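S.K.: Could you have a look at this structure, given as C-alpha cells, before my questions?
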Amino acid sequence: KQEVTQIPAALSVPEGENLVLNCSFTDSAIYNLQWFRQDPGKGLTSLLLIQSSQREQTSGRLNASLDKSSGRSTLYIAASQPGDSATYLCAVPPISNFGNEKLTFGTGTRLTIIP
Amino acid sequence: NAGVTQTPKFQVLKTGQSMTLQCAQDMNHEYMSWYRQDPGMGLRLIHYSVGAGITDQGEVPNGYNVSRSTTEDFPLRLLSAAPSQTSVYFCASSNIPAGIHSGANVLTFGAGSRLTVL
Chain A
6 KQEVTQIPAA
16 LSVPEGENLV
26 LNCSFTDSAI
36 YNLQWFRQDP
46 GKGLTSLLLI
56 QSSQREQTSG
66 RLNASLDKSS
76 GRSTLYIAAS
86 QPGDSATYLC
96 AVPPISNFGN
106 EKLTFGTGTR
116 LTIIP
Chain B
41 NAGVTQTPKF
51 QVLKTGQSMT
61 LQCAQDMNHE
71 YMSWYRQDPG
81 MGLRLIHYSV
91 GAGITDQGEV
101 PNGYNVSRST
111 TEDFPLRLLS
121 AAPSQTSVYF
131 CASSNIPAGI
141 HSGANVLTFG
151 AGSRLTVL
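Taken in sequence, the protein lines are chains A and B. 6 is the number of the first residue of the first sequence in the numbering used here; add one for each residue after it. 41 is the number of the first residue of the second sequence in the numbering used here; add one for each residue after it.
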C-alpha cells in the first residue's frame with residue numbers, strides 16, 4: 006500500500022526567506038505527483054502537477070521537483086510572503102494509474118510565514 | 041463558473057440519524073469523489089465515480105452510500121450516523137485523462153462540509 010509522508014508537520018519562517026517542503030512516498034512506480042494548498046476552513050487548491058517524466062514544474066514563485074528513484078518530491082517557495090501561510094499537501098495516484106482516481110494524500114505541512 | 045458546490049456547509053446530527061451531503065459540479069467532469077479529513081490522518085477516500093451510473097469504494101466506505109445518476113451530481117448518504125463520522129467532508133472532481141501524455145488534469149475541490157455527530 007502506498008504511503009505518503011510529509012515532514013515536518015508544521016514550519017514557521019520569517020517573511021522573505023526561501024523554503025522547501027518535503028514529500029516522501031513508498032512506492033516509486035507513480036506516473037505523477039500533485040501539490041495542493043489548503044487555507045483554514047477551505048477546500049484544497051491544486052498548485053502543481055509533475056508528470057514522472059518532467060522532474061520539475063514551476064508556477065510563479067513555486068517550483069516542485071520529483072525524484073522517483075528516491076521516493077521524494079520537494080516544493081520550493083521563493084521569497085515567502087504572509088499570504089503563503091497555509092497547509093501544503095502532496096498526493097500520488099495508485100501504481101499504474103495516471104488520473105486522479107484514488108489519490109493518496111500526505112497529512113500536510115502547516116506553513117506559517119512570520120511578517 | 042461555480043466549480044464544485046457542496047451543501048450544507050455545517051450540519052449537526054444525533055447518533056442514528058441519516059442525511060445526505062450534496063455535491064454538484066458544472067465543469068462536465070467525469071470523475072467525482074468524496075474524501076473525509078480528520079486531524080492527523082489526512083484525506084481519506086470514501087467513494088468515487090468515473091461517470092454516471094458508475095461508483096466504487098475507496099479506503100473508508102463503511103457507513104456511506106453514493107449514487108451517480110447524472111454527470112453533475114454525486115451525493116453522499118450517511119445511513120445511520122455515528123460519532124466516528126464526525127469529520128470534514130470534501131467533494132472533488134476532474135476530467136479523466138485520455139492517456140498518460142494527455143496533460144494535467146486539475147482536481148477541483150469543494151469548500152467542504154463540516155459534520156458533527158453527537
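We treat Cβ as the ideally placed atom computed from N, Cα and C, and that holds for glycine. Small disclaimer: the values here were computed from a predicted structure and weren't measured.
Find out if the Cβ-Cβ distance for the pair A/Thr117, A/Gln11 is shorter than 8 Å.
M.R.: Taking the C-beta atoms as reference points, A/Gln11 is found no nearer than 8 Å to A/Thr117.
S.K.: What span of residues does the beta strand (DSSP E) with A/Ala69 cover, start to end?
M.R.: A/Ala69 -> beta strand (DSSP E) spans 67 to 72.
S.K.: Helix, strand or coil: which one does DSSP assign to A/Gly88?
M.R.: helix
S.K.: I think B/Leu53 touches B/Val157, with their Cβ atoms under 8 Å apart; what is that distance to the nearest whole Å?
M.R.: 5 Å
S.K.: Closer than 9 Å, Cβ to any Cβ of chain A: which residues of the segment 92 to 107 of chain B, in chain order?
M.R.: Asp96, Gly98, Glu99
S.K.: Could you check whether the Cβ of B/Asn145 sits closer than 8 Å to any Cβ belonging to chain A?
M.R.: yes
S.K.: For B/Val157 and chain A, any beta-carbon pair shorter than 8 Å?
M.R.: Answer no: the Cβ-Cβ gap between B/Val157 and chain A never drops below 8 Å.
S.K.: Applying a beta-carbon distance threshold of less than 8 Å, which residues of chain B neighbour A/Thr112?
M.R.: The answer, in chain order, is Gly80, Met81, Gly82.
S.K.: Report buried or exposed for A/Phe30, applying the criterion of at least 16 other Cβ atoms within 10 angstroms of its Cβ.
M.R.: buried
S.K.: What whole-angstrom Cβ distance do B/Gln62 and B/Thr47 have, given they're in contact under 8 Å?
M.R.: 5 Å
S.K.: Applying a beta-carbon distance threshold of less than 7 Å, which residues of chain B neighbour A/Glu8?
M.R.: Result: empty, since nearest Cβ-Cβ is about 11 Å, beyond 7 Å.
S.K.: Just to confirm, is the Cβ distance from A/Arg115 to A/Ala15 under 8 Å?
M.R.: With respect to A/Ala15, A/Arg115 sits close: the two C-beta atoms are nearer than 8 Å.
S.K.: Between the segment 31 to 49 of chain A and the segment 57 to 75 of chain A, can you find at least three pairs of beta-carbon atoms closer than 8 Å?
M.R.: yes
S.K.: For chain A, find out if any of its Cβ atoms is closer than 8 Å to the Cβ of B/Leu116; answer yes or no.
M.R.: no
S.K.: Count the other CB atoms, across all protein chains shown, that sit within 10 Å of the CB of B/Ile94; report buried if there are 16 or more and exposed otherwise.
M.R.: Counting Cβ neighbours within 10 Å, B/Ile94 comes out exposed, since fewer than 16 surround it.
S.K.: Under 8 Å, do B/Leu119 and B/Val106 count as touching if we go by C-beta distance?
M.R.: No, they are not a contact pair.
S.K.: Could you list which residues in chain B have their beta carbon closer than 7 Å to that of A/Lys73, in chain order?
M.R.: For A/Lys73, there are no neighbours in chain B by C-beta distance under 7 Å, as the nearest C-beta there is about 14 Å away.
S.K.: State the beta-bridge partners of B/Gly91 as determined by DSSP.
M.R.: B/Ile94
S.K.: For a cutoff of 8 Å on Cβ pairs, would you count A/Leu26 as touching chain B?
M.R.: Cβ-Cβ to chain B under 8 Å: no for A/Leu26.
S.K.: Give me, in chain order, the residues of the same chain whose beta-carbon lies closer than 6 Å to that of B/His69; leave out the 5 immediate sequence neighbours on both sides.
M.R.: Ser133, Ser134, Asn135
S.K.: Which residue from A/Ile119, A/Thr92, A/Pro120 puts its Cα closest to that of A/Phe110?
M.R.: The residue with the shortest Cα to Cα distance from A/Phe110 is A/Thr92.
S.K.: Take A/Thr50 and list the residues in its own chain whose beta-carbon comes closer than 6 Å to its own, dropping the five residues that flank it on each side.
M.R.: Within the same chain, A/Thr50 has close Cβ partners Arg42.
S.K.: At 8 Å on the CB atoms, spell out the chain B contacts of A/Ser70, in chain order.
M.R.: By Cβ distance, chain B contributes nothing, its closest Cβ being about 16 Å from A/Ser70, past 8 Å.
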